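Q: Sharing a structure, written as structure tokens. Questions coming.
In the numbering used here, the protein residues as written are 104 to 270.
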């Protein structure tokens, strides 16, 4: 059965959502403004849009969305670099087409080309494997032959706990 919400009910939902996301927003905005760089950075329009979306997600408190958007911003930054370097439809040195390459492929290519520093390589792989993957590659709870679950692997229960009790 479809519920038809009144304008006042919708306004109440908005106020409740604003109250939930308000905590910490002032501090997050102060931080964002303190690191805002007025000089332009040579990035593709799409990478720049992903970056701005990541900033907005973080500001409003959508932290999981922030993780996904940060990863997309870096991936598109690398991909756009290789679209220019290898040509549209070009291939990375590993033989994979630029637009079909994974984030990991792009990091590895940039590493081999010495386009990014070793510290950046470690940070990007950490972002990919340890920060993004547990949220993006969610699996159902696995039960082994002995009836035990492995909650260390990403699964819906583990992710709900991370979202509701992040510490």
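Quick reminder that beta carbons are idealized off the backbone N, C-alpha and C, glycines included.
Nothing here was measured: the structure is a model prediction, and the numbers come from that model.
#1: Just the Cα atoms here: how many angstroms apart are residue 214 and residue 202?
#2: If you check the beta carbons only, do residue 118 and residue 164 fall under 9 Å apart?
#3: Find out if the Cβ-Cβ distance for the pair residue 231, residue 207 is shorter than 9 Å.
#4: Is DSSP giving residue 194 helix, strand or coil here?
#5: According to the neighbour-count rule (16 or more other Cβ atoms, all chains shown, within 10 Å of its Cβ), is residue 161 buried or exposed?
#6: Please confirm whether residue 112 and residue 153 have their CB atoms less than 9 Å apart.
#7: Roughly how many angstroms lie between the CA atoms of residue 146 and residue 106, to the nearest whole one?
#8: Using the three-state DSSP reduction, which class does residue 232 fall into: helix, strand or coil?
#9: Please name the residue or residues paired with residue 189 in a DSSP beta bridge.
#10: What do you get for residue 184, buried or exposed, if any count of 16 or more other CB atoms within 10 angstroms of its CB means buried?
#11: Please list, in chain order, all residues of the same chain as residue 189 whose beta carbon is under 8 Å from its beta carbon, the five residues on each side excluded.
#12: Quick one: what's got a C-beta closer than 7 Å to residue 124's C-beta in the same chain, skipping five residues either side?
#13: Give me the Cα-Cα distance between residue 187 and residue 193, rounded to the nearest whole angstrom.
#14: From residue 129 to residue 219, what distance separates their C-alpha atoms?
A: Put simply:
#1: 18 Å
#2: no
#3: Cβ atoms of residue 231 and residue 207: closer than 9 Å.
#4: strand
#5: buried
#6: no
#7: Taken atom to atom, the span from the alpha-carbon of residue 146 to that of residue 106 is near 45 Å.
#8: helix
#9: None; residue 189 has no bridge partner.
#10: Burial of residue 184 is indicated by the presence of at least 16 other C-beta atoms within 10 angstroms of its C-beta.
#11: 195 and 201
#12: 163 and 164
#13: 9 Å
#14: So the two alpha carbons sit approximately 33 Å from each other.
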